[in-house]
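S.K.: Chains as they are written, first to last, in the working numbering: chain D, 317 to 696; chain A, 6 to 347. Using N, Cα and C, we set each Cβ at its ideal position, and we do this for glycine too. No experiment lies behind these values; they were computed from the predicted model shown.
1) Bridge partners of residue 493 (chain D), per DSSP?
2) Would the stretch 386–394 of chain D and the stretch 554–574 of chain D be scored as touching if the rule is three or more Cβ pairs under 8 Å?
3) Comparing C-alpha positions only, which one of A:289, A:45, A:50 and A:336 sits nearest to residue 211 (chain A)?
4) Cα-Cα, which of A:199, A:177 and A:181 is closest to residue 189 (chain A)?
5) Hey, quick one: how far does the alpha helix (DSSP H) through residue 50 (chain A) stretch, first residue to last?
6) Skipping 5 residues on each side, what residues in its chain have a beta carbon closer than 7 Å to that of residue 518 (chain D)?
7) Using 7 Å as the cut-off, classify the Cβ of residue 413 (chain D) as near or not near the heavy atoms of the ligand FAD, replying yes or no.
8) Just grab the DSSP bridge partners of residue 69 (chain A) for me.
9) Taking the runs of the alpha helix (DSSP H) that are 4 residues or longer, which of them lie wholly in the stretch 204–255 of chain A?
10) Quickly, what does DSSP pair residue 572 (chain D) with across the bridge? List them, please.
11) When you compare each of D:589, D:664 and D:543 to residue 422 (chain D) by their alpha carbons, which one comes out closest?
12) Please state whether DSSP places residue 189 (chain A) in a helix, a strand or coil.
13) Starting from residue 466 (chain D), follow the beta strand (DSSP E) in both directions and report where the run begins and ends.
14) Just to confirm, are residue 654 (chain D) and residue 148 (chain A) a CB contact at a threshold of 8 Å?
15) State the Cα-Cα distance for the pair residue 16 (chain A) and residue 135 (chain A), rounded to the nearest angstrom.
16) Report the CB separation of residue 384 (chain D) from residue 565 (chain D) in whole angstroms; it is logged as a contact under 8 Å.
17) Taking the straight line between their C-alpha atoms, what separation do you get for residue 59 (chain A) and residue 72 (chain A)?
18) Which parts of the stretch 102–129 of chain A are runs of the alpha helix (DSSP H), unbroken and 4 residues or longer, counting only runs that do not cross its ends?
19) Distance, Cα to Cα, residue 398 (chain D) vs residue 409 (chain D)?
20) So the beta strand (DSSP E) residue 319 (chain A) belongs to, where does it begin and stop?
21) Any Cβ of chain D within less than 8 Å of the Cβ of residue 129 (chain A)?
22) Going by DSSP in three states, residue 74 (chain A) sits in which element: helix, strand or coil?
23) Thinking just about the alpha-carbon of each residue, which of A:81, A:261 and A:221 is nearest to the one in residue 164 (chain A)?
24) Helix, strand or coil: how does DSSP classify residue 183 (chain A) here?
25) So that I know if they touch, is there some Cβ in chain A lying closer than 8 Å to that of residue 643 (chain D)?
26) Taking C-beta pairs closer than 7 Å, name the residues in chain D that residue 44 (chain A) reaches, listed in chain order.
27) Is the stretch 431–449 of chain D touching the stretch 365–374 of chain D, taking contact as three or more C-beta pairs under 8 Å?
28) What residues in its chain sit with their C-beta under 8 Å from that of residue 403 (chain D), if we drop five residues either side in the sequence?
29) Would you check if the stretch 308–321 of chain A and the stretch 218–236 of chain A touch, i.e. whether three or more CB-CB distances between them fall below 8 Å?
30) So which of A:337, A:68 and A:146 has the shortest CA-CA distance to residue 383 (chain A)?
31) CA-CA distance, residue 133 (chain A) and residue 328 (chain A)?
32) Residues bridged to residue 401 (chain D) by DSSP?
33) Just verifying my parser: in three-state terms, what is the DSSP assignment at residue 278 (chain D)?
34) Going along the stretch 644–677 of chain D in order, which residues come within less than 7 Å of chain A, judged by CB to CB distance?
35) DSSP has residue 175 (chain A) in a bridge; who is on the other side?
36) Would you identify the three-state DSSP class for residue 544 (chain D), choosing helix, strand or coil?
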């Protein structure tokens, strides 16, 4: 059950090392602080989950942010009602989101193509609007769901573990705090587990069936293969992983707001997956990291920093360059994001992973060029 | 009864906006087969045509009037728009009517933007999957809205209704009811008429001109039309421009009702897609009917009586209708067989 092919094992080993040494290799980029690295890990989990649906089956869901939202709310409620320990919170987040995804998936998967996208979008928008209006007792509306000192926390009270700390209680893992680096390593371990899960799915007969659905669903049906349960399973798994990511967001910062369910958030995860490479193992992770990194770095740059960076230029040119570039950073970083997005879809539809493969293929061809004549083989 | 009628009217003008956006969206989809997620951004750009026009026309000179003194003893500043200096009273009227007049700016501007967009980017995506079309136009929408944000800022910029058209029409009195029983703002009435006019214009254009006939033939069977030696691609480019113009003028006239801000396009996009899907992908009459239908439903759902019956219904009615229609009648109200079913 836990075995992997040699190649996958190697990939997993490399991935584990890369993720766990993040604080080391991110330091030169100025991103090695826990808050940001937690975001890297969480959004990578989200993108991996999304990729299991979109990458394998080709069904483009535009409503995945709803699952993040449900996961976040469930986690905070678990903190409020049960205990500050994160294990029940995570389990609950995954289970509740799974049920939610089952309902949405059951209806949405009756349609394909753009109709499926619109259906998921409609469900997500409904959740978002309801979270702001009628469900305010559950979601606390615009303020967002917050922890309070006098929350009941029945489980903690039962075990007598109600800590008498000043200020708000913090989430813990079996009694130890998950703030700062501990929180990052928690997210990192879960990211590695999710990556392993996605490897297993990709290599399994289940994954093959999903790929079959992507390439031709009608043919799959004609061969006597009932695709419905497979699609639904993929949708629910993908939703549960998104719920887990939402739960982690609330664990690292116990506040859940409805803006996490906005449809632009769903767009973001699509973007991450596309940027990295749809249907590949590493692609979504790379995409999520790049986008979150740029979001943090680009949006922090201001005109003063640009001015110092370009101070070597003559005055007139400097002010021109700074004026132009300042439109792309800080507040305007979304412009960079949009442009990047358009360029990727136009020139590199397979994402960065495909770009890398093309590059490698070109290198190989160049080195193998003299032998090309003999390397032609008859088709089998 | 009055509440019913006034909600119906309220729904009609909102429905007019939905119908106009959905019409352009369907036109692009029916001709080019492209799912255009940047269509809402075109509506938003139309709104900002009105903003730009008003900005240009109200460029003003500041002179000091030594005759009049303000309470603290300094000459009063007199601000006169340049156009008023040049044309006198006519200039003042021009400023007052800036919103409807800016349609004249919006039409060529949107035509150019639409054609540039089609030739620049959308053209390369005819053969690619719908998912990729959605993605590239979504990216384009982000770029457009961020450019607008960079120029106009993030705050909504309200546009005034021309002073003659403020106030409300006493519609009840026209039909023999007691006065002031059923009133309706003039501008909303004008918007309703305007949207009807534009919709009629588009349909007439497609139905009664040679160009329209070729476009309809192209929608039915693009290849055959191409084999007959007609450059269908060029006509479809113009159709894309036309769709952009329709969205643009819909936006211009909507500015007094809703102060435009940069993310207006995204807000309307989701709605207009729902409208298109409810109407049936690729069906122009369906898009118009669904636009009005959803507008009316939305305005009824926001009545207090309905809200007290089903709380929160006003927030989700549109999506609820979309979900129900898609599940029960996947081709929408008037969709044809075999469109976007794979």
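M.R.: In short, the structure shows the following:
1) D:488
2) Yes, the stretch 386–394 of chain D is in contact with the stretch 554–574 of chain D.
3) A:289
4) Out of A:199, A:177 and A:181, A:177 has the C-alpha closest to the C-alpha of residue 189 (chain A).
5) 44–62
6) 597
7) The ligand FAD is absent from the structure shown, which contains no ligand whatsoever.
8) A:82
9) 215–225 and 227–232
10) The partner list for residue 572 (chain D) (beta bridge, DSSP) reads D:461.
11) D:543
12) strand
13) Taken as a continuous stretch (DSSP letters only), residue 466 (chain D) belongs to no beta strand (DSSP E), as it is neither H nor E.
14) yes
15) 32 Å
16) Between the beta-carbon of residue 384 (chain D) and that of residue 565 (chain D) there is about 7 Å, and that keeps the pair under the 8 Å contact cut.
17) 30 Å
18) 103–106 and 108–125
19) 13 Å
20) Note, residue 319 (chain A): premise wrong, no beta strand (DSSP E); alpha helix (DSSP H) at 318–333.
21) It does: the Cβ of residue 129 (chain A) has a partner Cβ on chain D nearer than 8 Å.
22) strand
23) When each option's Cα is compared against that of residue 164 (chain A), the closest is A:261.
24) Residue 183 (chain A) sits in coil when the DSSP states are folded into three classes, being neither helix nor strand.
25) yes
26) Within chain D, no residue comes near residue 44 (chain A); the closest Cβ sits about 14 Å away, beyond 7 Å.
27) Contact between the stretch 431–449 of chain D and the stretch 365–374 of chain D is absent, with fewer than three C-beta pairs closer than 8 Å.
28) 489 and 490
29) Not touching, per the Cβ criterion.
30) A query on residue 383 (chain A) cannot be resolved here, the shown segment of chain A reaching from 6 to 347 and no further.
31) 27 Å
32) Paired residues: D:488.
33) Any question about residue 278 (chain D) goes unanswered here, given that chain D covers just 317 to 696.
34) Along the stretch 644–677 of chain D, the positions whose C-beta sits under 7 Å from a C-beta of chain A are 648, 650, 651, 653, 654, 655, 657, 658, 661, 662 and 665, read in chain order.
35) A:188
36) Here residue 544 (chain D) carries a helix assignment [DSSP, helix/strand/coil].
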